[in-house]
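Notes follow the structure.
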Amino acid sequence: MKNLVSTDWLEKNLENVKILDGSWHLPNTKRDAVDEFNTAHIKNSNFFDIDKNSNQKTNLPHMLPTKSDWEKIVSELGINNSDHVVIYDNSDLISSCRVWYTFLYFNHNPDLVSVLDGGFKKWLNEKKATTKDIKKKLKSTYVAKVNSSLVLNKDQINDNIKNKSFELIDARSRERFQGLQPEARKELSSGNIEGSKNMPFTELININDRTFKNKQELVSIFQKNKIDPNKNIAFTCGSGITACVLGLTCSIIGGRKPVVYDGSWAEYGIK
């Protein structure tokens with residue numbers, strides 16, 4: 001799986017791939033991802049709106065869309081099944097991983113969907129070129145196939161508390177996981193899912209340039225948290241975004257596709 005590409009690699013391959021800006025910010029940051037994209041972005045990229053391109057028939061945030069909706073979304077972006085898609089973001093949450101995961105869920109070739117390591121921040125720090133021009137999209141006919149083994153629902157999470165068929169790993173901060181910090185969404189209680197383990201996604205990222213730590217460092221962090229990346233594991237978080245960061249690290253370590261509890265704490269923690 002070519003799950004990560006470098007800024008240098010992307011700079012050389014701008015004309016050979018389809019590029020998406022998958023930035024998403026927490027509401028309390030007061031940042032507007034669309035405005036930021038319109039101000040400056042990587043050449044040939046189009047904006048991917050995680051909220052709009054999700055299931056609109058649920059009150060839960062950015063749940064996976066239906067197969068037919070996904071086919072329409074990706075076709076409107078002009079992406080074909082044979083295209084190599086590179087996703088980047090300018091988000092503290094590394095939200096590009098959520099878009100990466102969604103492509104895998106709908107069965108895009110895992111060798112043809114990648115996250116830009118270090119994202120837009122690294123791109124800017126290296127003074128690589130940006131533009132305000134929006135790439136014109138030529139509509140395609142994208143065909144999706146649901147890979148249901150990559151997603152879990154609340155019933156499966158509850159069943160697992162009893163039968164322990166997989167380990168559930170929570171990507172939120174230690175404070176949120178332990179219930180020491182209130183959730184931003186007022187309708188949610190504090191705490192965690194019974195039997196789950198905590199591995200904050202921030203521990204897997206290099207602070208200086210926002211790149212992923214190398215494979216051996218990632219293995220060590222998994223071990224430190226008493227998590228075996230080779231066993232059956234699944235990921236959760238606040239609303240399904242940073243769980244996908246853990247999913248990508250698992251892919252880096254062992255080439256495995258991520259399994260995510262889509263509703264995450266936004267569903268499970270409702271009072």
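With the first letter of the sequence shown counted as 1, position 239 gets the number 239 in this note's numbering; the numbers rise by one all the way through. Note that CB positions come from ideal geometry on N, CA and C, so glycine has one too.
Could you check whether residue j and residue i sit closer than 7 Å to each other, using their CB atoms as the reference points?
| i | j | result |
| --- | --- | --- |
| residue 210 | residue 132 | no |
| residue 18 | residue 83 | yes |
| residue 161 | residue 261 | no |
| residue 88 | residue 150 | no |
| residue 115 | residue 96 | yes |
| residue 263 | residue 188 | no |
| residue 153 | residue 170 | no |
| residue 48 | residue 93 | no |
| residue 72 | residue 144 | no |
| residue 168 | residue 234 | yes |
| residue 185 | residue 237 | no |
How many Å lie between residue i and residue j at the Cα?
| i | j | result |
| --- | --- | --- |
| residue 248 | residue 271 | 30 Å |
| residue 91 | residue 25 | 6 Å |
| residue 212 | residue 179 | 27 Å |
| residue 207 | residue 254 | 23 Å |
| residue 60 | residue 45 | 28 Å |
| residue 38 | residue 85 | 20 Å |
| residue 76 | residue 129 | 26 Å |
| residue 23 | residue 159 | 34 Å |
| residue 220 | residue 146 | 33 Å |
| residue 80 | residue 69 | 15 Å |
| residue 214 | residue 246 | 14 Å |
| residue 35 | residue 110 | 30 Å |
| residue 141 | residue 155 | 34 Å |
| residue 40 | residue 218 | 32 Å |
Measuring from the CB of residue i, is there a heavy atom of the ligand PLP at a distance below 6 Å?
| i | result |
| --- | --- |
| residue 40 | This structure simply doesn't include the ligand PLP, nor any ligand for that matter. |
For residue i, which option in the options has the closest C-alpha, if you only look at C-alpha atoms?
| i | options | result |
| --- | --- | --- |
| residue 148 | 155, 183, 107 and 188 | 107 |
| residue 2 | 50, 125, 41 and 117 | 117 |
| residue 225 | 234, 200, 51 and 216 | 200 |
| residue 250 | 236, 240 and 229 | 229 |
| residue 252 | 235, 216, 184 and 102 | 216 |
| residue 51 | 232, 191, 98 and 11 | 98 |
| residue 203 | 183, 174 and 184 | 174 |
| residue 123 | 5, 27 and 259 | 5 |
| residue 137 | 155, 29 and 78 | 78 |
| residue 194 | 185, 182 and 177 | 177 |
| residue 239 | 190, 62 and 57 | 62 |
| residue 102 | 40, 241 and 127 | 241 |
| residue 119 | 256, 11, 30 and 183 | 11 |
| residue 265 | 30, 183 and 205 | 183 |
| residue 232 | 223, 205 and 256 | 256 |
| residue 14 | 29, 31, 30 and 43 | 43 |
Can you have a look at residue i and say buried or exposed, based on whether 16 or more other CB atoms are within 10 angstroms of its CB?
| i | result |
| --- | --- |
| residue 8 | exposed |
| residue 196 | buried |
| residue 267 | buried |
| residue 134 | exposed |
| residue 165 | exposed |
| residue 163 | exposed |
| residue 65 | buried |
| residue 33 | buried |
| residue 27 | exposed |
| residue 258 | buried |
| residue 53 | buried |
| residue 192 | buried |
(request) Entirely within the stretch 20 to 73 and at least 4 residues each: give me those alpha helix (DSSP H) ranges in chain order. (result) 33 to 39
(request) Any chance you could list the beta strand (DSSP E) runs of at least 3 consecutive residues sitting entirely within the stretch 187 to 237, in chain order? (result) 233 to 236
(request) Give, in chain order, every unbroken run of the alpha helix (DSSP H) that is at least 4 residues long and sits entirely within the stretch 132 to 194. (result) 154 to 163 and 174 to 177
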